[in-house]
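There are 2 protein chains.
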Amino acid sequence: MIGIDPGLVETGFGVLESGPRGVSLLDAGVISTSRSAPLESRLHALHGAVHRLLERFAPDLLVVEDLYADYKFPRTAILMGHARGVICLAARERQVTILPLAPSEVKRAVTANGAASKSQVQRGVQRLLGLAVVPKPSHVADALGLAVTGLFRVKGRLPS
Amino acid sequence: MIGIDPGLVETGFGVLESGPRGVSLLDAGVISTSRSAPLESRLHALHGAVHRLLERFAPDLLVVEDLYADYKFPRTAILMGHARGVICLAARERQVTILPLAPSEVKRAVTANGAASKSQVQRGVQRLLGLAVVPKPSHVADALGLAVTGLFRVKGRLPS
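Residue numbers (this note's numbering), protein chains in the order written: chain A, 791 to 950; chain B, 791 to 950.
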């Protein structure tokens with residue numbers, strides 16, 4: 791199960807595995823692209839990095855935030871769309887099924903509050919996964935929140 | 791020179807060639823994707839179709855509208871971003887340089903009016919390229935307008 795929080799500047803990702811002894815965190819981090827590079831080079835770098843993650847971990851599902859239109863900055867939303875587009879393309883090319891989840895569903899799953907703040911999501915993810923530290927930056931916590939909620943959907947319960 | 795007007799439902803394209811006897815229209819049309827297919831399949835189809843166009847015509851430049859944020863419907867803008875993202879990726883993968891142009895520059899080049907209507911752009915493109923009929927739908931006219939304006943930029947004058 792991989793969760794991805796798309797962004798042109800920073801894309802968060804988190805890879806979880808569910809086994810008989812619970813859920814393990816396999817990898818998590820941020821894919822960054824250079825602000826000084828042309829847009830197409832940044833998309834190419836992001837697309838390649840997602841391909842490598844999907845090749846390495848061969849997840850059964852890729853969880854992303856559902857499309858929503860609640861952006862303060864339309865330009866940022868359009869650029870996020872470019873990033874999300876090449877991520878969805880990589881999933882399709884690797885034949886990984888995409889599970890889109892509403893932000894409110896993720897917040898409810900990890901904090902029991904559909905309108906939780908970023909720091910509440912970070913602490914909820916830390917608690918659910920038994921992490922020694924709060925996952926940072928928030929893109930990573932959001933990606934892990936997506937992956938955890940994806941597991942919840944598939945397994946019918948939160949990881950124990 | 792290829793002009794592309796990105797859209798998830800319909801992407802317009804127009805391919806022009808500039809030779810000693812003026813400008814020729816090599817191909818123009820619309821890449822459509824099925825509204826009933828998942829987003830990732832639609833992006834995959836669009837990405838593949840753009841790859842095939844770039845392979846077939848090997849253009850030196852791909853002209854697209856510059857990013858702008860003047861959308862009435864944010865969701866449409868984000869979906870356009872997904873489409874534009876995989877188009878830019880295909881250009882990068884085929885090593886075709888992208889030339890982004892402002893809509894006002896295209897309108898000024900084909901109609902002498904930076905705030906021209908869609909039908910004025912269609913008629914301007916028809917006149918500049920000596921087409922027997924008005925290019926339709928407007929996505930095709932917009933793509934041809936981008937390609938013509940790209941030629942203008944590169945050659946320093948409008949096609950005669």
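All C-beta atoms in this analysis are idealised placements derived from N, C-alpha and C, irrespective of residue type, glycine included.
Near chain B, meaning a CB-to-CB distance below 7 Å, the residues of the stretch 838-864 of chain A are L857, A859, Y861, P864. Annotated three-state conformation of B/T823 is coil, per DSSP.
Out of A/P828, A/G793, A/F942, the CA that lies nearest to the CA of B/T887 is found in A/P828.
DSSP places B/V876 in the helix class (H, G or I) of the three-state scheme. Within the same chain, no residue comes within 6 Å of B/R913 by CB-CB distance, once the 5 residues on both sides are set aside.
Annotated as proximal: B/L891 and B/D856, with beta-carbon spacing under 8 Å.
Any Cβ of chain A closer than 8 Å to the Cβ of B/V876 would place that residue at the interface, and such an atom is present. Between A/G819 and A/A937, the CB-CB gap reaches or exceeds 8 Å.
A/R882 counts as buried, since no fewer than 16 other beta carbons sit within 10 angstroms of its beta carbon. Neighbours of B/I888 in chain A, taken as residues at a C-beta separation under 8 Å, are given in chain order as P828, L829, E830.
Of the residues A/T939, A/R884, A/V924, the one whose Cα lies closest to the Cα of A/G838 is A/R884. Secondary-structure assignment with DSSP links A/G802 through a beta bridge to A/D795, A/V820. In the structure shown, the three-state DSSP call for B/P828 is coil. Rounded to the nearest angstrom, the gap between the Cα atoms of B/I877 and B/S831 is 14 Å.
Shown here, B/G914 sits in a helix according to DSSP, grouped into three states. Under the Cβ distance rule, B/I792 does not count among the residues neighbouring chain A, no pair being separated by less than 8 Å.
Bridge pairing for B/E807: B/S814 [DSSP]. Shown here for B/L941: same chain residues with a beta carbon closer than 7 Å to its own, the five before and five after excluded, namely M791, L806, S808, V813, P949 in chain order.
Taking a Cβ-Cβ cut-off of 8 Å, B/I821 has no neighbours in chain A, whose nearest Cβ is about 15 Å from it. DSSP places B/P849 in the coil class of the three-state scheme, outside both helix and strand. Here A/P890 carries a strand assignment [DSSP, helix/strand/coil].
In this model, A/R865 and B/M870 are separated by some 12 Å (Cα to Cα). At a cut-off of 8 Å, the C-beta of B/R882 has a neighbouring C-beta in chain A.
When C-alpha distances from B/R825 are compared across B/L816, B/D817, B/A835, the shortest belongs to B/A835.
Between B/S909 and B/A902, the alpha-carbon positions lie close to 14 Å from each other. Residues of chain A with a Cβ closer than 9 Å to the Cβ of B/G871 are, in chain order, A867, I868, L869, M870, G871, H872, A873, R874, G875.
Here B/S928 is buried: its Cβ has 16 or more other Cβ atoms, across all protein chains shown, within 10 Å.
Taking a beta-carbon distance threshold of 8 Å, B/L833 counts as an interface residue toward chain A. The beta-carbon of B/L879 is placed less than 8 Å from the nearest beta-carbon of chain A.
Approximately 12 Å separates the beta-carbon atoms of A/V911 and A/K926; this is outside 8 Å, ruling out the contact. Linking A/V840 to A/V853 through their CA atoms gives a straight-line distance of about 13 Å. Short of 8 Å from the beta carbon of B/K945, and not among the five residues preceding or following it, lie these beta carbons of its own chain, in chain order: S808. Looking from the CA of B/E845, the closest CA among B/L815, B/R874, B/A880, B/I868 belongs to B/A880.
Taking the Cα of B/L816 as reference, the smallest distance to any Cα among B/L919, B/V900, B/D932 is reached at B/L919.
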